[in-house]
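Right, one structure below, let's go through it.
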Amino acid sequence: MTSKVYTLAELANFIDAQLVGDSNVEISDLAALQSASAGQLSFLANPKYLQFLETTRASAVIVDHASAEHCTVGALVVKDPYMAYAKITQLFDQSIHRSPGIHSSAVIEAGCDIGSEVTIAANVVIEQGCTIGNNVIIGAGCVIGANCIIGESSTLNANVTLYHSVKVGCRAVLHSGVVIGADGFGFANDQGRWEKIYQLGAVCIGDDVEVGANTCIDRGALSDTKIGNGVKLDNHIQIGHNVIIGEHSAVAAGTAIAGSAEIGKNCTIAGAVGIAGHLSIADNVHVTGMSMVSSSLKTAGVYSSGTALTDNKTWRKNTARLRKLDEYMKRLLKLEKKMGQAVEPRK
Amino acid sequence: MTSKVYTLAELANFIDAQLVGDSNVEISDLAALQSASAGQLSFLANPKYLQFLETTRASAVIVDHASAEHCTVGALVVKDPYMAYAKITQLFDQSIHRSPGIHSSAVIEAGCDIGSEVTIAANVVIEQGCTIGNNVIIGAGCVIGANCIIGESSTLNANVTLYHSVKVGCRAVLHSGVVIGADGFGFANDQGRWEKIYQLGAVCIGDDVEVGANTCIDRGALSDTKIGNGVKLDNHIQIGHNVIIGEHSAVAAGTAIAGSAEIGKNCTIAGAVGIAGHLSIADNVHVTGMSMVSSSLKTAGVYSSGTALTDNKTWRKNTARLRKLDEYMKRLLKLEKKMGQAVEPRK
Amino acid sequence: MTSKVYTLAELANFIDAQLVGDSNVEISDLAALQSASAGQLSFLANPKYLQFLETTRASAVIVDHASAEHCTVGALVVKDPYMAYAKITQLFDQSIHRSPGIHSSAVIEAGCDIGSEVTIAANVVIEQGCTIGNNVIIGAGCVIGANCIIGESSTLNANVTLYHSVKVGCRAVLHSGVVIGADGFGFANDQGRWEKIYQLGAVCIGDDVEVGANTCIDRGALSDTKIGNGVKLDNHIQIGHNVIIGEHSAVAAGTAIAGSAEIGKNCTIAGAVGIAGHLSIADNVHVTGMSMVSSSLKTAGVYSSGTALTDNKTWRKNTARLRKLDEYMKRLLKLEKKMGQAVEPRK
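Chains as they are written, first to last, in my numbering: chain A, 1 to 347; chain B, 1 to 347; chain C, 1 to 347.
What follows is the structure, encoded as structure tokens:
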């Protein structure tokens, strides 16, 4: 495959940077400071890597004003090098961009409204009544249930499945294995047997949402499950029925969010977190990895649970003690009392 | 899409309810008490929502006898409103029900026995020797390995994968992305290298089982992995080889059950639980979310592990102490001893 | 389906065992000691099952020299019965082995190099520029992005998805629902909005790797995500961008490994473990189930975190105490001080 090549001047222009050095230098790739070689562009976003700046073999580096003086190769000087790096990555994306068109093997049922410049790959199935916006790309093997709406310029990678009546906004990216609109987990217990509660809601996904590989977003029980604009979901995430995720929140891989939980805006939920159902989380809440959220979080902040890793032998001892923690603490309180001391007022 | 419309009289008849109000009122949808509007039916299952009953704009509400007097609109009076609601949801299901038939793009290999009134969607692949019962629905893109048996009236949503020799009972619902019968994780270590143990068993799934999106059930090493009648599995669940799950147990999303674990009947396992291999769990055990089950549970009851969420700063302090808990508890015991006191007999 | 049948002599020869008993006995299947019947072969690998050896109805048993004397039926005597069992399982694998060939419904784009004796099943899509080695098997519904390379004798089960430019070594087994090469989760925050960082690296998978159902391996941000030779990954695993896993390590189901983590060789990571990003784990590290690894592990050993299961009532009490553990421990230290005692030097 052939890489695209840009001059340093073109790149400076693209990210609105001040160019220091030879504006004709050609850049064909991006790389980390330590591993970059000639023809590659790098960036310095974290001061702890400053040591690598002077010895990098990159042809140029994106730096901020403070670091620019340490740069011995071409420099693209900007206020925020990490953001500039992020923006410039799209120029070097090696994904194959196909010419629009509908593959002969695709099955498109009656009553669909397919926009212009749409790409529909092999073996795609689009059931009746769907609306597919302009410039949408649908990868091979995707199945789109009846009456779905997909907004302009969204991309479904291969083997995505949408159930019926799912709405996806514009510029969404859905990765392979994603399942949207499967039934929420709803059953009523009838003397030991489970009666299915049919899930009558749908899923509504905003604009600029990315959904990682094999992530599931279930349809609502009565009203819709809702994913706000700009939300970013990593792989292997479970979103239960009627969950609402506020705009521009991001959730890392392996997190499970139970039904009817409501997550605020601009939250970051780290990986493998569990969030119980029927609770609400305020805007700007940050939850660290593997935490268990079992009640509402009403104020912004950083929250955690879980225990730290130790060698297994120590862990076994500590765990045995922890199982009796309440008993031990009662003994501690008795000791205090016996010594005529309440060390500090009990909260 | 057009909704189905029922009169209140028809609905009362369907759930065997006492009708209070105008039997000709038309109902086209279900909604929660707070959000319902004219033409919608709601329900009151939890007394804490009683406040919403008097102000609901629903055209009718499913209530129990005690709440009926507070209902200012049409009422369907039953003993168990939640169960009545569950039953009535099926009437309002918006899923598209297709006419039976086999799509021209489906590939059905030799030696298959396909029942009557079967629906096989586009791009389905059914390998040799399969038996597909009457009224089965197989969604687009499903791949069914050789020698599988699928019981009557089961539904496979789009993009389900069954490996060879999997048996699925009657009235099962398998959601998209489900993989049944992949190899169990079996390897023997040969001086640092892993020798594959071929997985010679299969998977046997009972009647009335629901399996959520992207859930995996591995085939057995020698004998079969077995899922009992009426079991309900949520999304993103991992069932290891030779696991046995008893009838009418339910498992929530993200739970992983390691090989050869045996779960009893009528258990409920919450989300993101981990269950170690080669243990057994009694009937009627309930495990709360994110718990780690590492030994057998011989009696019915509710079990938990994990730590509660706090602000990150407090968590850091507590975690540091917890790492030394055994040491601290030894110091507590020494203090007790020094004071000539064994506060309570040690268990 | 018909089973293969072997004489005991053939099996003894295959695993290089000493045969005790009738060499003409026919074996058609493998089974556990307790459940085996005539015509089946069993094995005794764990001394605790010795009790079942004398009463087994198996026609023969793989045993070590010490146990051979207790064997009342045919015996295949070897040094390591478990390894011998592992090797012999491949003889009884019931998977259907198809004749090589390309199904008429498969879509293979221009510029692909397809080896000899390759099997490509129905509805497979192979995009432009791929290289498929000899004897590769690609199951129904697989989608292989542009410019992928798949080594000789690898098997992709049905519905596997590879994004562009993924390299898979020889003799790999990828199970259904696997997604390799989806975008790593990379975004830069621009005043509350997330700017996508295009993921320019790829994924490079070594020889003899097995990847379990629905596992995801993300492509690298700049350089490649790398899975070493002989690595075995179970189902539902998340491998973030730029992760490196050393040769012959094994990871159990449900584990999530965040971006840029580096796992050593010959490690075993149990199920549902969370490993934070940008850390490194030494060779021969073993992490127990559901542990949280949040910093580097520099020496071989067994590591754990998490809390043990109790009944829910006890758990609630312990958890409440744990939330105030730091406060309680300060009170303990004050008590010690008051008693003029520092029980042991503080670490």
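Where a beta carbon is used, it is the ideal one built from N, C-alpha and C, also for glycine. Please read these numbers as outputs of a predicted model, since none were measured by experiment.
At least one beta carbon of chain B lies nearer than 8 Å to the beta carbon of ALA158 (chain C).
Rounded to whole angstroms, GLY139 (chain C) and ILE239 (chain B) show a C-alpha spacing of 22 Å. With respect to ALA282 (chain A), GLY264 (chain A) sits close: the two C-beta atoms are nearer than 8 Å. The CB of ARG57 (chain C) never comes closer than 8 Å to any CB in chain A; the least such distance is about 37 Å. Runs of the beta strand (DSSP E) lying entirely within the segment 44 to 75 of chain C, each at least 3 residues long, are 60 to 63 in chain order. The shortest C-alpha to C-alpha distance from GLU26 (chain B) to any of B:SER35, B:THR155, B:GLY74 and B:LEU44 is the one to B:GLY74. Here the segment 305 to 319 of chain A makes contact with the segment 281 to 296 of chain C; the two share three or more CB pairs at distances below 8 Å.
For THR225 (chain B), the uninterrupted beta strand (DSSP E) run begins and ends at 225 to 227, by DSSP. Closer than 7 Å at the C-beta level to chain B, one finds these residues of the segment 218 to 243 of chain C: GLY230, LYS232, ASP234, ASN235 and HIS236.
Rounded to the nearest whole angstrom, the C-alpha separation of PHE14 (chain B) and ILE88 (chain B) is 8 Å. Residue pairing by DSSP places ASN189 (chain B) opposite B:TRP194 in a beta bridge. Residue environment analysis places VAL5 (chain B) among the exposed positions, since fewer than 16 neighbouring C-beta atoms fall within 10 angstroms of its C-beta.
The distance from the Cβ of ARG219 (chain B) to that of GLY184 (chain B) is about 6 Å, consistent with a contact at the 8 Å cut-off. Under the three-state reduction of DSSP, GLN90 (chain A) is assigned to helix.
Per the coordinates, the alpha-carbon of LYS324 (chain A) lies some 15 Å from the alpha-carbon of ARG321 (chain B). Neighbours of ARG193 (chain C) in chain A, taken as residues whose beta carbon is under 7 Å from its own, are GLY230 and HIS248 in chain order.
Between ILE120 (chain B) and ALA106 (chain B) a beta carbon distance of about 5 Å is seen, short of the 8 Å cut, so the two are scored as contacting. Secondary structure at ILE96 (chain C): coil, using DSSP grouped into helix, strand and coil.
Using beta-carbon distances, CYS216 (chain C) counts as an interface residue toward chain A, with a partner under 8 Å. For HIS236 (chain A) against ALA253 (chain A), the beta-carbon gap comes to about 5 Å, under 8 Å, which counts as contact. Annotation: ALA308 (chain B) to SER294 (chain A) spans about 8 Å, alpha carbon to alpha carbon.
The Cβ of THR310 (chain A) sits closer than 8 Å to at least one Cβ of chain B. Using a Cβ-Cβ cut-off of 8 Å, SER305 (chain C) is close to GLY306, THR307, ALA308, LEU309, THR310 and TRP315 of chain A, given in chain order. Residue pairing by DSSP places MET292 (chain B) opposite B:GLY274 in a beta bridge.
From the beta-carbon of ASP326 (chain A), no residue of chain B is found nearer than 8 Å; the closest lies around 12 Å away.
Put simply, the segment 29 to 36 of chain B touches the segment 47 to 60 of chain B. At least three CB pairs are less than 8 Å apart. Close to VAL293 (chain A), with beta-carbon spacing below 8 Å, are these residues of chain B in chain order: LEU309. Rounded to whole angstroms, the separation of the alpha carbons of ASN266 (chain A) and THR215 (chain A) is 20 Å. Proximity of chain A to ASN13 (chain C) at the Cβ level (cut-off 9 Å) is not reached, the minimal Cβ distance being about 42 Å.
Residues of the same chain with a CB within less than 6 Å of the CB of ILE114 (chain C), apart from the 5 flanking positions on each side, are ILE132 in chain order. The DSSP-derived three-state label of TYR6 (chain C) is strand.
Take the alpha-carbon of VAL302 (chain C) and the one of SER176 (chain B): they are about 38 Å apart. Looking at the backbone, the Cα of LEU8 (chain A) and that of ILE126 (chain C) are separated by about 36 Å. Only those residues of the segment 267 to 281 of chain A whose C-beta falls short of 7 Å from the nearest C-beta of chain B are listed: GLY274 and ALA276. If you check each beta-carbon in the segment 104 to 138 of chain A against every beta-carbon of chain C, the ones closer than 8 Å belong to SER105, ALA121, ALA122 and ASN123. Residue contact with chain C for ARG323 (chain A): present (Cβ-Cβ distance below 8 Å to some residue of chain C).
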